[in-house]
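In my numbering, the protein residues as written are 414 to 571.
Where is the CB? At the ideal position from N, CA and C, for every residue including glycine.
Everything numeric in this text was worked out from a predicted model, so none of it was measured.
First up is the structure itself, then whatever we jot down about it.
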Amino acid sequence: MRPMIEENATEAAHATPGAPQQLGPEETVWEGGPSQWQNIGWWIASLLVIFLPVAIYKAIKTATTDYTLTNQRLRIKTGILSRQTEEIELYRVRDTAVRQSLFERLFGLGTIHVSSSDPRTPEQPMPAIKDPHGVREHFRKYTEQMRRSRGVRDIDIS
């Protein structure tokens, strides 16, 4: 390759000024295109348009869900535009369980699953509850108290 450069340099030195020079065959020295990073704003805007309404809906739904545990019942209020109230009498609660995903454990949250003999609400999950084990202990304490006061006993036939 070196001799070719010297040869081209000698030819260029002997060329007459103003005369067209011989260039040789065309060679590609670079190929490319624009980066997709130029569209990052559009990508973010598209994601917001698609996911922002869903995120807003979920946030409002979470904000409008209330659980109230009294010494007699669990009251669940849900609904964004219209409200529903469901009550589970504590003497009907058969079992409670706490499940925590890794994400929930990182934030001190958990899902409490309430099993009851209530025909309308046999299973009631209570997701993302702070201190789920403490809340479950309240369930256990007041469920036992209500069962004793009403003389309710579970009979397992199996």
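Identified DSSP bridge partners for residue i
i	result
residue 510	526
residue 497	491
residue 538	526
residue 486	502
residue 479	490
For residue j and residue i, the rounded distance between their alpha carbons
i	j	result
residue 564	residue 482	21 Å
residue 436	residue 459	49 Å
residue 503	residue 467	34 Å
residue 455	residue 448	13 Å
residue 546	residue 562	24 Å
residue 543	residue 512	12 Å
residue 480	residue 489	5 Å
residue 516	residue 539	16 Å
residue 463	residue 558	49 Å
residue 551	residue 470	31 Å
residue 535	residue 528	6 Å
residue 439	residue 461	47 Å
residue 567	residue 496	33 Å
residue 487	residue 451	53 Å
Min CB distance residue i to chain E below 8 Å
i	result
residue 560	Judged by its chain identifiers, the structure shown contains no chain E, having just a single protein chain.
Residue environment, residue i, which counts as buried when at least 16 other CB atoms sit within 10 Å
i	result
residue 505	buried
residue 465	exposed
residue 525	buried
residue 501	buried
residue 475	exposed
Opening and closing residue of the alpha helix (DSSP H) in which residue i lies
i	result
residue 562	545 to 563
residue 517	515 to 519
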